[in-house]
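J.: Below are the structure tokens for one structure; questions will follow.
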Amino acid sequence: MKILKYSRQRESIKECLAGRTDHPTADIIYTELREAFPNISLGTVYRNLNLLSDLGEIQKLACGDGKDHFDWNTTPHYHFICRHCGAVIDLPLMPLEELQRQAEIALGGSVDSHTIYFYGFCAPCSKKPAQEPS
Ligand code: ZN
Ligand code: MN
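Here you go:
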């Protein structure tokens with residue numbers, strides 16, 4: 006078993022993410038942490054976020070915008086991504102067990118998890134009047 010060296014920085018990165026519901030990228034975490042740890046590098050933040058994700062302590066989301074987003078909440082849940090502002094929003098939906106069962110039937114094998122991203126325009130972006138071309 007690999008013994009992990011205690012890392013004050015890793016703890017801080019985890020604390021920074023904990024409780025946030027906006028699914029920040031490594032850049033956002035880095036910008037926030039730099040105030041408390043002026044010597045921290047983006048590479049360190051990125052490496053530790055990936056390590057925490059590999060350890061199953063946080064969740065990494067590939068939402069389709071080319072950036073990794075991170076979520077402290079590791080319990081299975083669904084996400085919505087706004088096409089206008091890029092917000093990644095938790096969706097309080099019941100787990101789609103029937104869909105997973107159908108996938109298993111279609112596969113003829115065994116399916117143990119699934120990930121679904123919903124796309125569209127978030128509530129504030131849906132209400133904005135269409136931008137006039139300048
Ligand atoms: Zn939006
Ligand atoms: Mn989430």
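When you read off a place in the sequence shown, starting at 1, and then add 5, the result is the number in our numbering.
Don't be surprised by glycine CBs; every beta carbon is placed ideally from N, CA and C.
Every value quoted in this text rests on a predicted model; they were computed, and no experiment measured them.
How many Å lie between residue 12 and residue 41 at the Cα?
T.: Distance between the alpha carbons of residue 12 and residue 41 is about 15 Å.
J.: Taking C-beta to C-beta, are residue 85 and residue 51 nearer than 9 Å?
T.: No; because the gap between Cβ atoms is not below 9 Å, this pair is not in contact.
J.: Does the stretch 102-116 come close enough to the stretch 50-70 to have 3 or more Cβ pairs within less than 8 Å?
T.: They do not touch, by the three-pair rule.
J.: Does the separation of the CB atoms of residue 74 and residue 97 fall below 9 Å?
T.: Contact: no.
J.: Hey, out of 53, 95, 43, whose CA is closest to residue 25's CA?
T.: Among 53, 95, 43, the Cα nearest to that of residue 25 is on 95.
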